[in-house]
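Per the numbering used here, residue 3 is the first one in the sequence shown, and the count goes up by one each step.
Notes for the one structure printed next.
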Amino acid sequence: NTPINENIDQILDVLDKHVASLPTKISNQTDSKYWTYDIGYSTDVSLHWKHTNWLKIFNFFKEYPYAKATFATKYVNPKLLNFNPEGKIRIRFSLMPARISEILEPKTSPIIERIKAVNIFIEAGYEVHLNFSPIIAYEGWLTEYAKLFEDLDQYINNQYKPFIKAECIFLTHNDKQHEKNIASNRLESEALIWQPNIQENKVSEYGGKAVRYKAGIKSNFIKRWSMLHDRLLPWNKIRYIF
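Spelled out as structure tokens, the structure:
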């Protein structure tokens, strides 16, 4: 993967040729109409807005008839509101219970700010989805997720709810990051995300070694989380969950 903040013109030229080479888009869970490109795979666009000419990138997708851009973010950056992408940029606000976010994601936008930003960004012309990631199981987790779901249902305008979809990704971790976090004295966060008694080793599709919840346990977690989600947020269609 090439970071898009390097050699922008060259990358956009390659993108142009790539999209042009694709067949007519068939509707799927990613998008019903456009070929979709994740421009935030290796960076948080909202956080690093000033470091790259993102407006040039945004304009490319706004004007391109067959493609749209998407990125997940943990930040609410009002500078993005100066641009109207006319639905061709999808922002996926990353969400987890507020207490856990304060432990795992210090110095990012508070969860309530991200929730309240959904309406604002939709009104500015962005498509907005919800990125429940990582989903972490701990004592009382479903109670805290219920509060998160209730806040989403309360703050998001009813007229926008049918258009907001979700992606749901349960926690993966790895030995090296665990050791690094322990060395950095991030003991509280590791107590949440490093639980060997309910986790197992796996090899990712890219060949990397990772740790995830044991298959049978994870299946149970997914079922319970999904039931709660669907009961409290029946309007929020899940694109995928794993």
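All C-beta atoms in this analysis are idealised placements derived from N, C-alpha and C, irrespective of residue type, glycine included.
A straight line joining the alpha-carbon of residue 170 with that of residue 40 spans about 16 Å. Relative to the Cα of residue 81, the nearest Cα in the group 49, 72, 230 and 103 belongs to 49. Looking at the backbone, the Cα of residue 33 and that of residue 194 are separated by about 34 Å. By the Cβ test, the region 103-113 is not in contact with the region 157-175, since fewer than three Cβ pairs between them sit closer than 8 Å. In this structure, DSSP gives residue 33 a state outside helix and strand, which the three-state scheme calls coil. The beta-carbon distance between residue 234 and residue 148, rounded to whole angstroms, is 6 Å. This is short enough to meet the 8 Å contact definition. Within a 10 Å sphere around the beta-carbon of residue 154 sit 16 or more other beta-carbons, which makes this residue buried. Note that the region 127-137 does not touch the region 206-217; fewer than 3 beta-carbon pairs, one per stretch, sit closer than 8 Å.
When the beta-carbon positions are compared, residue 129 and residue 92 come within less than 8 Å of each other.
In this chain, the beta strand (DSSP E) harbouring residue 131 covers 129-137. Per the C-alpha coordinates, the member of 219, 240, 218 and 217 positioned closest to residue 228 is 240.
In the structure shown, the three-state DSSP call for residue 50 is coil.
Approximately 21 Å separates the beta-carbon atoms of residue 124 and residue 66; this is outside 8 Å, ruling out the contact. Across the set 179, 145, 198 and 84, the C-alpha of 84 shows the shortest separation from the C-alpha of residue 122.
Closest option to residue 20, judged by alpha-carbon separation, among 37, 140, 56 and 9: 37.
Boundaries of the alpha helix (DSSP H) harbouring residue 58: 56-65, taken from the DSSP string. If you check the CB distance, residue 69 and residue 94 do not come in under 8 Å. In its chain, beyond the 5 residues on either side, 191 and 192 have a beta carbon closer than 7 Å to the beta carbon of residue 183.
In this structure, residue 87 lies near residue 60, with their beta-carbon atoms less than 8 Å apart. Within the same chain, and ignoring the five residues on either side of residue 71 in sequence, the residues whose Cβ sits closer than 6 Å to its Cβ are 39, 41, 63 and 91. The three-state reading of DSSP puts residue 183 in helix, counting H, G and I together.
In the DSSP assignment, residue 154 falls outside any beta strand (DSSP E) and within the unbroken alpha helix (DSSP H) covering 143-157. Per the C-alpha coordinates, the member of 98, 185 and 232 positioned closest to residue 173 is 98.
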